[in-house]
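In order, the protein sequences belong to chains H and A. The first sequence begins at 1 in our numbering and counts up by one. The second sequence begins at 1001 in our numbering and counts up by one. Think of the CB as a built atom: it goes at the ideal place given N, C-alpha and C, for glycine as much as any other residue. Since we're looking at a predicted model, the values are computed, not measured. Below is one structure, written out as structure tokens; the observations come after it.
2 protein chains.
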Amino acid sequence: MNFNDVLNSRRSVNFFDPDKRVSNELLKSVLDMAAKTPSSFNLQPWSVIVVDQESEKETLKKLAWNQPKVTEAPLTLIVLADRHGWKEGHPFVEKNFQEMIRAGSMQESQREWFKGAREGLYGATPERQLAFAAKNAGFFAMTLMLAAKSKGLDTHPMDGFDLEGVKKAFHIPDNYWVPLLIAVGYFKQGETLMPAKWRKTADELIVRFD
Amino acid sequence: MNFNDVLNSRRSVNFFDPDKRVSNELLKSVLDMAAKTPSSFNLQPWSVIVVDQESEKETLKKLAWNQPKVTEAPLTLIVLADRHGWKEGHPFVEKNFQEMIRAGSMQESQREWFKGAREGLYGATPERQLAFAAKNAGFFAMTLMLAAKSKGLDTHPMDGFDLEGVKKAFHIPDNYWVPLLIAVGYFKQGETLMPAKWRKTADELIVRFD
């Protein structure tokens, strides 16, 4: 599918066909595409919980302002942003370091330098830890929504949920922030898609503070 | 350009051709594409400062670990994430509300409801304000990097910079977080692009905490 067509046809869809499932294979292919997202030092501080069982969908819906799409969509992803995804000893931080050594882009002797860089940039304050996690998970979620569209799927990113309630119901450890939920499925034929919303123009986006 | 080709060929490029400029027209077309990014209640809490003058590039480079790409790339974007982009009275929040009324997706009588929803989700705590800003700016930056690639441009997202120093040098108000810089330009022919880095597999991305 053409990039522009993906970009222009990706819409936050409110009506999902509850009878059209998303196969495991298709979901995994979308996740593998989303995995190509760049991140801070390639730390990839993101994960997803796949909510596709009826009872869990009901639980999540109640925690998400009772939005019907949570149960109508075949699945909803709880996106997790790892505030500790830069810490020494974290399994994926160590994996990342070993993979860089293997690729020749870092040497074992740079372990302390790399640790210091991560701590300075991402670990220095609680707000830096959160910004690191939320930004990178934002990159990932955006690629995921576009990748899904390129595979014929529709999505809806959701903020309207009880953050603490979702963490409790799905036993999510405290190092994770939940930046959004993403409903994934197929647009229900016969429903009306609203016209695309307004957007800032390039001239509105560019600012200066001289 | 095909979506998969864009996704697979977007790489964080370290070598930019300093002699190949990016026209204003091309930059604006990329920004207009990136503007299609979805956001929380369509609030679009993002802006960019375009750094393309030699003296400003030198200033920014010094604040960005002296990374050569900041001066070699024809331009670097300072991406801004507005922690106050949900507040009643903010010009773009009001514009958003008026545009929704015009589109028929909201009514003037819902002003208080909308204000309460924004305050509850994004304004309740400083960390929620930051997560709102960083996540949405993450969405925007990701679309921008892909859109740039689809237009033949290369990019490099950068975290290695002095956050407070950049804010001071470019007179950036305190409501903004600076989640990243993005160098934009053309890959320098003759340089070697490293092989793509490892990524988590779909099976590594999916988690549960039962």
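Check: Beta carbon of A/Phe1209, beta carbon of H/His84: below 9 Å?; Outcome: no
Check: Would you say the beta carbon of A/Ala1124 is closer than 8 Å to some non-hydrogen atom of the ligand GTP?; Outcome: What this structure holds is no ligand at all, so the ligand GTP is not there to describe.
Check: Could you tell me which residues DSSP puts in a beta bridge with A/Ile1049?; Outcome: A/Ile1078
Check: Counting pairs of Cβ atoms below 8 Å between the segment 188–196 of chain H and the segment 1113–1128 of chain A, do you hit three or more?; Outcome: no
Check: Applying a beta-carbon distance threshold of less than 8 Å, which residues of chain A neighbour H/Val207?; Outcome: Ser1047, Val1048, Ile1049, Leu1080
Check: Below 6 Å CB to CB, which residues in the same chain sit around A/Met1100 once its five sequence neighbours on both sides are set aside?; Outcome: Met1106
Check: How would you write the range of the alpha helix (DSSP H) that A/Thr1155 sits in, first residue to last?; Outcome: It is not in any alpha helix (DSSP H) - A/Thr1155 instead sits in the beta strand (DSSP E) that spans 1154–1158.
Check: What are the boundary residues of the alpha helix (DSSP H) that includes H/Trp177?; Outcome: Run containing H/Trp177: none in the alpha helix (DSSP H); it sits in the beta strand (DSSP E), 176–185.
Check: Please classify H/Ile172: does DSSP put it in a helix, a strand, or coil?; Outcome: coil
Check: For A/Thr1125, tell me which candidate among H/Lys188, H/Phe97, H/Asn66, H/Leu163 has the shortest Cα-Cα distance.; Outcome: H/Leu163
Check: If distances are taken between C-alpha atoms only, which option among A/Thr1076, A/Glu1112, A/Asp1159 comes closest to A/Ser1055?; Outcome: A/Thr1076
Check: Below 8 Å on C-beta distance, what does H/Gln44 contact in chain A?; Outcome: Arg1199, Lys1200
Check: Going straight from the alpha carbon of A/Gln1053 to that of A/Thr1059, what length do you get?; Outcome: 10 Å
Check: Counting beta carbon pairs with one atom in the segment 1196–1204 of chain A and one in the segment 1085–1093 of chain A, are three or more of them shorter than 8 Å?; Outcome: no
Check: Can you tell which of A/Met1158, A/Trp1198, A/Asn1175, A/Lys1168 has its C-alpha closest to the C-alpha of A/Trp1065?; Outcome: A/Met1158
Check: For A/Asn1002, which three-state DSSP category applies?; Outcome: strand
Check: Pull out every residue of the segment 1120–1154 of chain A whose Cβ sits closer than 9 Å to any Cβ of chain H, in chain order.; Outcome: Leu1121, Tyr1122, Pro1126, Glu1127, Arg1128, Leu1130, Ala1131, Phe1132, Ala1133, Ala1134, Lys1135, Asn1136, Ala1137, Gly1138, Phe1139, Phe1140, Ala1141, Met1142, Thr1143, Met1145, Leu1146, Ala1147, Lys1149, Ser1150
Check: When you compare only the Cα positions, how much space is there between H/Val6 and H/Leu146?; Outcome: 6 Å
Check: Would a C-beta distance cut-off of 9 Å place A/Ala1081 and A/Trp1046 closer than the cut-off?; Outcome: yes
Check: Keeping to the same chain, check which residues put their C-beta closer than 8 Å to that of H/Thr143; ignore five residues upstream and five downstream.; Outcome: Met33, Ala34, Lys36, Thr37
Check: Going straight from the alpha carbon of A/Gln1098 to that of A/Lys1087, what length do you get?; Outcome: 15 Å
Check: Looking only at its chain, what residues have a beta carbon closer than 6 Å to the beta carbon of H/Lys20, apart from the 5 residues adjacent to it on each side?; Outcome: Tyr186
Check: Which stretch, first to last residue, makes up the alpha helix (DSSP H) that contains H/Asn96?; Outcome: 91–103
Check: Please identify, using Cβ separations under 9 Å, the residues of the segment 1005–1034 of chain A that lie next to chain H, in order along the chain.; Outcome: Asp1005, Val1006, Leu1007, Asn1008, Arg1010, Arg1011, Ser1012, Leu1027, Lys1028, Ser1029, Val1030, Leu1031, Asp1032, Met1033, Ala1034
Check: Going by beta carbon distance, what residues of the same chain come within less than 7 Å of A/Lys1188, once the five residues before and after it are set aside?; Outcome: Phe1015, Phe1016, Asp1017
Check: Name the chain A residues that come within less than 7 Å of H/Ser105, Cβ to Cβ?; Outcome: Met1194
Check: Give me the DSSP bridge partner(s) of H/Ser12.; Outcome: H/Thr155
Check: Below 8 Å CB to CB, which residues in the same chain sit around A/Leu1027 once its five sequence neighbours on both sides are set aside?; Outcome: Val1050, Leu1075, Val1184
Check: Comparing the C-beta of A/Asn1175 with each C-beta of chain D, is any distance below 9 Å?; Outcome: In the structure shown, chain D does not exist; the protein chains are H and A.
Check: In whole angstroms, what separates the C-alpha of H/Glu108 from that of H/Arg102?; Outcome: 10 Å
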